[in-house]
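Visitor: Sequential numbering of the sequence shown, starting at 34, is according to the working numbering.
My questions will all concern the structure given below.
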Amino acid sequence: MDRRIAKGVNQGVAPVTYGTGDRPPRGDYSRAGADYTCEQDWAAYTDADHDTYRRLYARQLQQLPGRACDEFIAAVQQLGTPDRIPRFDEVSVRLQRATGWRIVGVPGLIPEEAFFALLAARRFPVTDWIRKPEEFDYVVEPDVFHDLFGHVPLLFDPTFADYMQAYGTGGLKASRLDACELLARLYWYTVEFGLIDTGQGLRAYGAGILSSAGELPYSVAAPEPRRVAFDLQRLMRSRYRIDTYQATYFVIDSFRQLFDATAPDFTPVYASVRETISREGEIEAGVVLPGERQFRI
Ligand code: PHE
Ligand code: CO
Numbered sequence: 034m035d036r037r038i039a040k041g042v043n044q045g046v047a048p049v050t051y052g053t054g055d056r057p058p059r060g061d062y063s064r065a066g067a068d069y070t071c072e073q074d075w076a077a078y079t080d081a082d083h084d085t086y087r088r089l090y091a092r093q094l095q096q097l098p099g100r101a102c103d104e105f106i107a108a109v110q111q112l113g114t115p116d117r118i119p120r121f122d123e124v125s126v127r128l129q130r131a132t133g134w135r136i137v138g139v140p141g142l143i144p145e146e147a148f149f150a151l152l153a154a155r156r157f158p159v160t161d162w163i164r165k166p167e168e169f170d171y172v173v174e175p176d177v178f179h180d181l182f183g184h185v186p187l188l189f190d191p192t193f194a195d196y197m198q199a200y201g202t203g204g205l206k207a208s209r210l211d212a213c214e215l216l217a218r219l220y221w222y223t224v225e226f227g228l229i230d231t232g233q234g235l236r237a238y239g240a241g242i243l244s245s246a247g248e249l250p251y252s253v254a255a256p257e258p259r260r261v262a263f264d265l266q267r268l269m270r271s272r273y274r275i276d277t278y279q280a281t282y283f284v285i286d287s288f289r290q291l292f293d294a295t296a297p298d299f300t301p302v303y304a305s306v307r308e309t310i311s312r313e314g315e316i317e318a319g320v321v322l323p324g325e326r327q328f329r330i
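As structure tokens, then:
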């Protein structure tokens, strides 16, 4: 999910977030260190917490064939223990061996710069609390199921793993260039809600899709949403909704394409996007530009 900035070290207060409503973030930030990470208090999970995870995992796993990309399906069992919340340390051992990434616990959403710094160091922050049973279908903030099930499997893929690190270093630079809002759109439309065009059809690779029982079938098969080819500058002009299924998805050909398209220095890209926005405006979610090709489902 989107992570917004509050500069400085953790002083036991939650980061400022925007777009998420009128409640404060629900994590206990007094447990976190200056880098916002905390120990996963595994012993504190209740049987009901493990049961929530087990039911979410089972429901989502059976939905993956034909909808999730192959790389995700191949790696999902690396999370281990489908019947209880995995121990982060145990997942990290396998992940470190595969791609050099580790996962670290966080109390919830963290400030943008802290988030970027962790990614740049190949450390992925995973919220350690799990949603309440009454939030089974929808939880406003990312919880352990979204962060772990949605994001971690693709960190086992070497190209995607490198992309995530590059995003972190790019984020630190974007902070200095005051371009975090444009860069956040890239995260949203790729890491959270990306689709990939395979020989067998469109598949999801975005964590926001893969951790959602409703949006997974919707994203790849519903007639309503727009599906357009990944184009960096077009994407950075595009607004997004955080409170509904996406109205537009961007489709990549491969993780290599995504990595290569985002490798150049973004300093001139941000300038160009800003210039285009000032002339032609932003693009609302769901709007397709004249002449723009849409993917068939
Ligand atoms: N190339 C980008 C830059 O110079 C860094 C980046 C890579 C950002 C991948 C996002 C994703 O800012
Ligand atoms: Co997420």
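Note that CB positions come from ideal geometry on N, CA and C, so glycine has one too.
Looking at the unbroken alpha helix (DSSP H) that takes in Leu-228, where does it start and where does it end?
Guide: Here the question's residue 228 lines up with position 195 in the sequence shown. It is not in any alpha helix (DSSP H) - Leu-228 instead sits in the beta strand (DSSP E) that spans 228-231.
Visitor: Helix, strand or coil, according to DSSP, for Gly-204 in the structure here?
Guide: Start at 1 with the first residue of the sequence shown, and residue 204 comes out as number 171. In the structure shown, Gly-204 sits in a helix (DSSP, three-state: H, G or I).
Visitor: Measuring from the CB of Gly-241, is there a heavy atom of the ligand CO at a distance below 7 Å?
Guide: If you number the sequence shown from 1, residue 241 lands on position 208. Yes - the ligand CO has a heavy atom lying nearer than 7 Å to the Cβ of Gly-241.
Visitor: Return the residue from the list Arg-289, Val-109, Glu-72 and Tyr-90 that minimises the CA-CA distance to Ile-229.
Guide: Position 196 of the sequence shown, counted from the start, is the residue given in the question as residue 229. Answer by Cα proximity: Arg-289.
Visitor: How is Tyr-24 classed by DSSP in three states: helix, strand or coil?
Guide: One cannot answer for residue 24 here, as it falls past the ends of the chain, which runs 34 to 330.
Visitor: Considering Cα atoms alone, identify which of Pro-323, Gln-111, Gly-247 and Asp-161 is closest to Trp-75.
Guide: Counted from its first residue, the sequence shown places residue 75 at position 42. The residue with the shortest Cα to Cα distance from Trp-75 is Asp-161.
Visitor: Which residue spans inside the stretch 51-139 form an unbroken alpha helix (DSSP H) run of at least 4?
Guide: Taking only runs of at least 4 residues, the alpha helix (DSSP H) segments lying wholly in the stretch 51-139 are 80-94, 103-108 and 121-132.
Visitor: Cutting at 6 Å between CB atoms, please list the residues of its own chain near Tyr-78, excluding the five before and the five after it.
Guide: In the sequence shown, counting from the first residue as 1, residue 78 sits at position 45. The residues are Ile-118.
Visitor: Can we say the stretch 59-71 touches the stretch 82-100, given the rule of at least three CB pairs closer than 8 Å?
Guide: Because the criterion of three Cβ pairs below 8 Å is not met, the stretch 59-71 and the stretch 82-100 do not touch.
Visitor: Around the C-beta of Ala-67, are 16 or more other C-beta atoms found within 10 angstroms, so that it is buried, or is it exposed?
Guide: Against the sequence shown, residue 67 aligns to sequence position 34. Label assigned to Ala-67: exposed.
Visitor: Could you give the distance in angstroms between the alpha-carbon of Phe-263 and the alpha-carbon of Val-284?
Guide: Numbered from 1 along the sequence shown, position 230 holds the residue referred to as residue 263. Numbered from 1 along the sequence shown, position 251 holds the residue referred to as residue 284. Each residue's alpha carbon lies about 5 Å from the other.
Visitor: Mind checking whether the beta-carbon of Leu-219 lies closer than 7 Å to any heavy atom of the ligand PHE?
Guide: For the purposes of this step, residue 219 is taken as residue 186 along the sequence shown, with counting starting at 1. Yes, the beta carbon of Leu-219 sits closer than 7 Å to at least one heavy atom of the ligand PHE.
Visitor: The beta strand (DSSP E) with Thr-160 in it runs from where to where?
Guide: Here residue 160 corresponds to residue number 127 of the sequence shown, with the count starting at 1. Residues 156-160.
Visitor: Going by beta carbon distance, what residues of the same chain come within less than 7 Å of Asp-176, once the five residues before and after it are set aside?
Guide: Walking along the sequence shown from the start, residue 176 turns up at place 143. Result list for Asp-176: Thr-160, Trp-162, Ile-163 and Arg-164, in chain order.
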